[in-house]
Structures are given as C-alpha cells and as structure tokens.
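Participant:
2 protein chains.
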Amino acid sequence: MTDPAPLQRWAVRIEYDGRDFVGWQRQTTGLSVQQVLEEAASRLASGRTVASITAGRTDAGVHATGQVAHLDFPAEVRLNASVVRDALNFHMKPHPVVVLDARSVDLSWNARFSAIRRAYRYRILNRRSPPALDDGRVWLVKRPLDAEAMGHAARYLLGRHDFTSFRASACQAKSPLRTLDRLDVSRSGEDIIIVAEARSFLHHQVRNMVGTLKLVGEGRWPPARVGEALAACDRRAAGPTSPPDGLYLTAVGYDPDPFVT
Amino acid sequence: MTDPAPLQRWAVRIEYDGRDFVGWQRQTTGLSVQQVLEEAASRLASGRTVASITAGRTDAGVHATGQVAHLDFPAEVRLNASVVRDALNFHMKPHPVVVLDARSVDLSWNARFSAIRRAYRYRILNRRSPPALDDGRVWLVKRPLDAEAMGHAARYLLGRHDFTSFRASACQAKSPLRTLDRLDVSRSGEDIIIVAEARSFLHHQVRNMVGTLKLVGEGRWPPARVGEALAACDRRAAGPTSPPDGLYLTAVGYDPDPFVT
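From first to last, the protein sequence lines stand for chains H and U. Going by full-length UniProt numbering, 190 is the number at position 190 of the first sequence; the sequence numbering is gapless. Going by full-length UniProt numbering, 181 is the number at position 181 of the second sequence; the sequence numbering is gapless.
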C-alpha cells in the first residue's frame with residue numbers, strides 16, 4: 001500500500017453569473033461552474049486532476065458574489081495567494097467566473113463542512129417593463145408588491161422549524177429541520193430585496209420561501225397563511241418555487257474565517 | 001403646398017444596455033438604440049416612419065437607466081400610455097432596450113431642447129479580479145483608489161467654466177462653456193460611484209472628467225492639478241477618456257416634467 005500523494009488545500013472566494021451554467025455541480029448535460037474551476041486549477045497543476053468541494057451547490061441560473069470552495073493541489077506545485085487568484089482567473093476566461101480571493105488552509109478545513117453560515121440575496125424587479133440591463137439577474141413581478149406585508153409574513157419562518165413545506169422533493173438532506181436566522185424584505189425603488197441567512201438551507205428553500213412571500217406581497221395571501229403553510233409540513237401547502245434568476249449566494253461564514261486575517 | 005400630416009408626440013423614458021449598440025444615434029456601421037426604437041414605433045404606426053429626438057446621444061457602450069426621447073406618431077393612430085409602453089417593449093424584443101414610461105406631450109415639447117438637466121452615474125469596480133457579473137458594465141481599476149482625494153479634486157470642476165480640457169475633439173457644441181452642478185465621488189465596498197449633473201455636457205465630458213479623477217485616486221496627481229488642467233483650456237492637459245462601460249445616463253430633467261403627474 002502506498003500513501004496518497006501529499007496535497008495542499010486552498011480556499012477560494014468566487015463570483016459567477018449563473019446564466020451560462022447548469023449549476024455548480026458537474027453534469028453531463030452542460031457546463032458547470034465546478035468544471036470551469038477544476039479545469040483551470042488543473043492547468044495550474046500541469047494537467048493533474050484538482051478536486052474541489054463547495055459550500056453551496058447552487059442550481060442552474062443561480063448567481064454568486066461570495067461562493068466559497070476549496071481546491072486540493074499537489075503539494076509540490078509552488079503557489080501563493082496572488083498566483084492562485086490571478087492564474088485561475090486567467091485560465092477561466094472567457095467564462096463568467098472569477099476568484100476574488102484565495103487563502104491557504106489546513107487539510108482539516110473544509111469549504112462545506114466547516115461552514116457555519118450561508119447568506120443569500122434575492123432580487124425581485126417590481127415594475128411593468130422587463131429588465132434591459134438585468135435580464136436573467138432578477139425576477140420580474142409586474143403586480144405591485146407590498147414589501148411590508150412580505151416582511152411581516154417572513155417573520156413566521158424565523159427560528160428552528162421543520163421546513164418540509166419549503167423543501168424540493170429532490171432534496172437529499174437527512175433532516176427537514178433548519179434554523180432560519182434572518183429573512184428580511186426591503187424595497188429600494190423598483191427592487192424588492194430579500195436577504196436570508198442560516199447555518200444551512202434545504203434544496204430550493206430560499207426560492208420556495210420567496211415564491212410564497214410573493215403571494216403575500218400581491219395581496220393573495222394574508223401574512224399568517226405563511227405560518228400555516230410552515231406548520232402543514234407539506235410542500236403543497238406553500239407557494240411555487242421562484243425562478244433562479246434573482247438568487248445570489250452572497251456569503252459563506254466560517255469560524256475562524258480564512259478570508260479574514 | 002400641402003400641410004404636413006398631423007402628428008401626436010409621445011415622450012418615453014428608456015433603459016438600455018449599451019454593450020450591444022453603436023450608440024444612440026443611427027450609424028451605417030451597426031445597430032443603434034434609435035433604430036431599434038424607431039422601427040418598433042413604426043410597427044405601431046402600421047409601417048409609417050416615426051422619427052425620434054433624444055435628450056442625450058450616448059456613445060457606443062454607454063448605458064441608460066433614464067434616457068428620454070420623443071416620438072412623433074401620425075395623429076390618427078389610437079394610442080394610450082400603456083399601449084405605447086407595452087407595444088414598443090413587445091416590438092423591441094429581444095434587444096436590451098425597454099420603455100419604462102410613456103406620456104403624451106404637446107408638439108412644442110422637445111426631449112432635447114426642453115431638457116434642463118442631465119444626470120450621469122459612472123461606476124468603477126476597484127479590485128484585482130475582473131467582474132464576472134458586470135462585464136461591460138463597469139470600469140475595472142485594479143490599483144486601490146482614494147475616493148476622498150477624488151472627491152476633493154472633483155470640487156475644482158464645479159460651477160461655470162470653459163471645459164475645453166475635458167471636451168472631445170469631435171465635439172460639435174458651439175461653446176465650451178458649461179455649468180457643472182454636481183460631481184460627487186463615493187465608495188461603496190469595491191465600487192467607486194461618480195455622479196455628475198449639469199444642464200448639458202460636452203461630448204465625452206463625463207468620461208474625460210472620470211479618467212482625470214482616476215489619476216488623482218491612484219495618487220499620480222495631487223487634487224489641485226485638476227484645477228490646473230481645467231484652467232489650461234487644452235485637452236492634452238487633462239487625463240485620458242475613461243471607457244464607456246461604466247457610464248449610465250440616469251435621468252433627464254424637465255420643468256414641468258411630463259413623467260411627474
């Protein structure tokens with residue numbers, strides 16, 4: 001038996017435009033962010049395979065301004081933080097994926113399992129005209145939305161609950177229990193911004209919560225019905241899944257945070 | 001001699017992504033925003049020609065979130081504000097141009113000559129990594145910029161001056177005198193936002209001011225040198241023209257404003 005080749009682990013903070021991809025994870029159906037990142041890393045490692053693990057496996061069409069992943073390079077490749085960032089960015093061109101920051105981490109550190117917080121932002125464009133500048137980046141809702149009512153409804157979801165009603169049928173998590181720490185709704189001109197934070201989320205949880213809050217914003221649901229939908233523990237009791245276009249993974253939290261020195 | 005056909009004039013507020021266009025004005029070299037708008041308007045007028053006049057003839061690559069133009073339709077076409085907005089948006093698809101609002105105006109009202117104020121926003125992305133989400137929408141400046149020094153320098157340009165030093169050689173304005181009412185510089189995270197307001201601007205004036213302020217932000221120019229460049233009345237005394245990517249025409253002011261009812 002031989003020991004595995006020694007590795008060095010790098011944490012990277014990443015921004016991407018989800019429109020061009022089948023999602024984070026490799027698929028046979030098209031290009032993924034993971035493939036773009038790992039192929040660029042492999043170029044840095046003279047063609048050897050470099051595997052990655054990510055904090056959040058975003059769906060097709062979902063964007064990120066603060067995704068985090070780690071990459072395992074062969075130990076003998078000479079790297080530093082600027083080289084990892086700039087060389088990965090060079091090799092990922094022209095794909096809309098960039099590394100914002102890179103940090104050397106211990107092999108015990110894991111982008112997914114060390115994460116203690118995920119933050120998402122969802123952007124609704126609330127007006128009659130479609131977006132000329134932000135097509136694929138927002139959810140266009142033409143009927144006027146009451147952000148205050150949506151914010152009131154959001155409070156029913158805060159805390160530790162069984163989120164079965166807001167969970168995709170394909171969700172592979174063992175438990176439907178999650179603790180939602182933040183779900184804020186605010187209006188800024190024609191934009192409705194929803195910020196969600198938790199240690200972790202179920203599959204489609206943010207998009208299902210947003211799709212449900214939109215029913216409240218339109219006046220079709222009273223805010224209290226969101227609490228009833230949660231209590232029902234039945235996906236059919238909540239609203240539809242909002243499109244991926246408006247969703248951004250904005251931050252992943254660690255303690256200690258390798259990106260804060 | 002016959003009278004010209006009677007017309008009805010509509011003011012439209014427009015958003016567009018400048019990346020796809022040769023600029024506002026029709027050119028033989030490619031597609032312009034004007035052509036997309038006028039061809040859509042012509043469809044509404046059963047194929048008859050509809051001419052437009054705009055408040056700001058933006059250059060290739062420059063964006064707008066609040067451009068204003070007027071369109072002269074034959075008087076007998078039955079129109080109302082929702083029809084003008086929604087039908088133009090339908091016919092302009094899939095081009096990244098949308099009408100946000102439409103208002104019926106007198107034939108004495110002119111989108112260009114009635115305008116008393118133009119507002120532009122310029123967005124610099126100040127970080128090492130290129131933009132994944134905003135390629136073509138920002139000017140990437142990698143060296144750290146001192147926004148405070150830029151704001152101090154900007155004050156030398158406020159007021160009524162001969163702006164020859166900040167004027168494109170191709171500028172067709174009769175006088176180089178302009179009154180700059182606002183030139184604010186602020187930082188928001190990795191963004192440097194510059195807001196400029198005046199009754200009117202010379203050709204490339206905003207981009208030349210931004211290109212000059214960037215030299216101050218990098219520490220290559222002391223702020224006072226911007227005042228000296230202005231006083232020189234010589235284009236070679238000021239800094240280079242910043243790229244169109246970061247520039248947005250955000251608002252055009254009128255008194256009374258047809259869009260404020």
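Note that CB positions come from ideal geometry on N, CA and C, so glycine has one too.
Which chain U residues sit within Cβ distance under 7 Å of Pro130 (chain H)?
Facilitator: Position 130 of the first sequence holds residue 130 (chain H). Per Cβ cutoff of 7 Å: Asn89, Val98.
Participant: Compare the C-alpha of Ser52 (chain U) against each of U:Tyr122, U:Val185, U:Leu107, U:Ala60 and name the closest.
Facilitator: The count along the second sequence starts at 1 and reaches residue 52 (chain U) at position 52. Ranking U:Tyr122, U:Val185, U:Leu107, U:Ala60 by Cα distance to Ser52 (chain U) puts U:Leu107 first.
Participant: Using the C-alpha atoms, what's the distance from Val12 (chain U) back to Asn80 (chain U)?
Facilitator: In the second sequence, residue 80 (chain U) corresponds to position 80, counting from 1. In the second sequence, residue 12 (chain U) corresponds to position 12, counting from 1. When rounded, the distance between both Cα atoms is 12 Å.
Participant: Can you list, in chain order, the residues of its chain whose CB lies under 6 Å from that of Ala40 (chain H), leaving out five sequence neighbours each side?
Facilitator: Against the first sequence, residue 40 (chain H) aligns to sequence position 40. Excluding sequence neighbours, Ala40 (chain H) sits near Leu88, His91, Met92.
Participant: If you draw a straight line from the C-alpha of Ala75 (chain H) to the C-alpha of Tyr16 (chain H), how long is it?
Facilitator: Taking the first sequence and counting its residues from 1, one reaches residue 75 (chain H) at position 75. Taking the first sequence and counting its residues from 1, one reaches residue 16 (chain H) at position 16. If you take the alpha carbons of Ala75 (chain H) and Tyr16 (chain H), they lie about 28 Å apart.
Participant: Under 8 Å by Cβ, that's how I've got Pro244 (chain U) and Asp59 (chain U) pegged, so tell me the actual separation to the nearest angstrom.
Facilitator: As a working note, residue 244 (chain U) is residue 244 in the second sequence. As a working note, residue 59 (chain U) is residue 59 in the second sequence. Confirmed, Cβ separation roughly 5 Å.
Participant: Going along the chain, which residues of its own chain have a beta-carbon closer than 6 Å to the beta-carbon of Arg127 (chain H), five neighbours each way excluded?
Facilitator: Reading the first sequence from its first residue, position 127 is the one you call residue 127 (chain H). Counting only Cβ-Cβ distances below 6 Å, and skipping sequence neighbours, we find Glu190.
Participant: Please list, in chain order, the chain B residues whose beta carbon lies closer than 8 Å to that of His63 (chain U).
Facilitator: No chain B appears in the structure shown, which is made up of the protein chains H and U.
Participant: List the whole-angstrom C-beta distance separating Gly66 (chain H) from Leu249 (chain H), where the pair is believed to meet the contact cut-off of C-beta under 8 Å.
Facilitator: Along the first sequence, one-based indexing puts residue 66 (chain H) at 66. Along the first sequence, one-based indexing puts residue 249 (chain H) at 249. Sure, about 7 Å apart at Cβ, within 8 Å.
Participant: Using DSSP's beta-bridge definition, name the partner residues of Thr179 (chain U).
Facilitator: As a first step, residue 179 (chain U) must be located in the second sequence, where it is residue number 179. For Thr179 (chain U), which the question treats as bridged, DSSP gives the partners U:Arg160.
Participant: Note the first and the last residue of the continuous beta strand (DSSP E) segment covering Phe21 (chain H).
Facilitator: As a working note, residue 21 (chain H) is residue 21 in the first sequence. Here Phe21 (chain H) belongs to no beta strand (DSSP E), and DSSP marks it neither H nor E.
Participant: Going by the CB atoms, is the gap between Arg123 (chain H) and Val138 (chain H) shorter than 8 Å?
Facilitator: Here residue 138 (chain H) refers to the residue found at position 138 of the first sequence. Here residue 123 (chain H) refers to the residue found at position 123 of the first sequence. Cβ distance < 8 Å, so Val138 (chain H) and Arg123 (chain H) count as in contact.
Participant: Roughly how many angstroms lie between the CA atoms of Glu218 (chain U) and Arg178 (chain H), to the nearest whole one?
Facilitator: The residue labelled residue 218 (chain U) in the question sits at position 218 within the second sequence. The residue labelled residue 178 (chain H) in the question sits at position 178 within the first sequence. For Glu218 (chain U) and Arg178 (chain H), the distance between alpha carbons rounds to 47 Å.
Participant: Counting only Cβ pairs nearer than 8 Å, list the residues of chain U close to Arg85 (chain H).
Facilitator: Looking up residue 85 (chain H) in the first sequence gives position 85. The contacting residues are Arg128, Ser129.
Participant: Check Val99 (chain H) in the structure and name its three-state DSSP category.
Facilitator: Against the first sequence, residue 99 (chain H) aligns to sequence position 99. In the structure shown, Val99 (chain H) sits in a strand (DSSP, three-state: E or B).
Participant: Judging by CA-CA distance, which residue of U:Leu183, U:Val226, U:Pro223, U:Pro240 is the nearest neighbour of Gly211 (chain U)?
Facilitator: Locating residue 211 (chain U) in the second sequence gives position 211, counting from the first residue. Nearest of U:Leu183, U:Val226, U:Pro223, U:Pro240 to Gly211 (chain U), Cα basis: U:Pro240.
Participant: Any C-beta of chain U sitting closer than 8 Å to the C-beta of Glu15 (chain H)?
Facilitator: As a first step, residue 15 (chain H) is located in the first sequence; it is residue number 15 there, counting from the start. Closer than 8 Å: yes.
Participant: Return helix, strand or coil for residue 262 (chain H), following the three-state DSSP convention.
Facilitator: The structure shown does not extend to residue 262 (chain H), since chain H is modelled only from 1 through 261, so no value can be given for it.
Participant: Have a look at H:Gln205, H:Asp101, H:Phe113, H:Ala198 and flag the residue whose alpha-carbon is nearest the alpha-carbon of Arg85 (chain H).
Facilitator: Indexing the first sequence from 1 puts residue 85 (chain H) at position 85. Answer by Cα proximity: H:Asp101.
Participant: Considering only DSSP beta bridges, list what Glu15 (chain U) is partnered with.
Facilitator: The residue given as residue 15 (chain U) occupies position 15 in the second sequence. In DSSP, Glu15 (chain U) forms a bridge with U:Val98.
Participant: Taking the straight line between their C-alpha atoms, what separation do you get for Arg143 (chain H) and Ala224 (chain U)?
Facilitator: Residue 143 (chain H) sits at position 143 when you count from the first residue of the first sequence. Residue 224 (chain U) sits at position 224 when you count from the first residue of the second sequence. Going by the C-alpha atoms only, they are around 51 Å apart.
Participant: Give me the Cα-Cα distance between Leu125 (chain U) and His63 (chain U), rounded to the nearest whole angstrom.
Facilitator: Here residue 125 (chain U) refers to the residue found at position 125 of the second sequence. Here residue 63 (chain U) refers to the residue found at position 63 of the second sequence. Cα to Cα, Leu125 (chain U) sits roughly 16 Å from His63 (chain U).
Participant: Sort U:Ser129, U:Val77, U:Ser169 by Cα distance to Gly47 (chain U) and report the nearest one.
Facilitator: On the second sequence, residue 47 (chain U) is found 47 positions in, with the first residue counted as 1. Of the candidates U:Ser129, U:Val77, U:Ser169, the one whose C-alpha sits nearest the C-alpha of Gly47 (chain U) is U:Val77.
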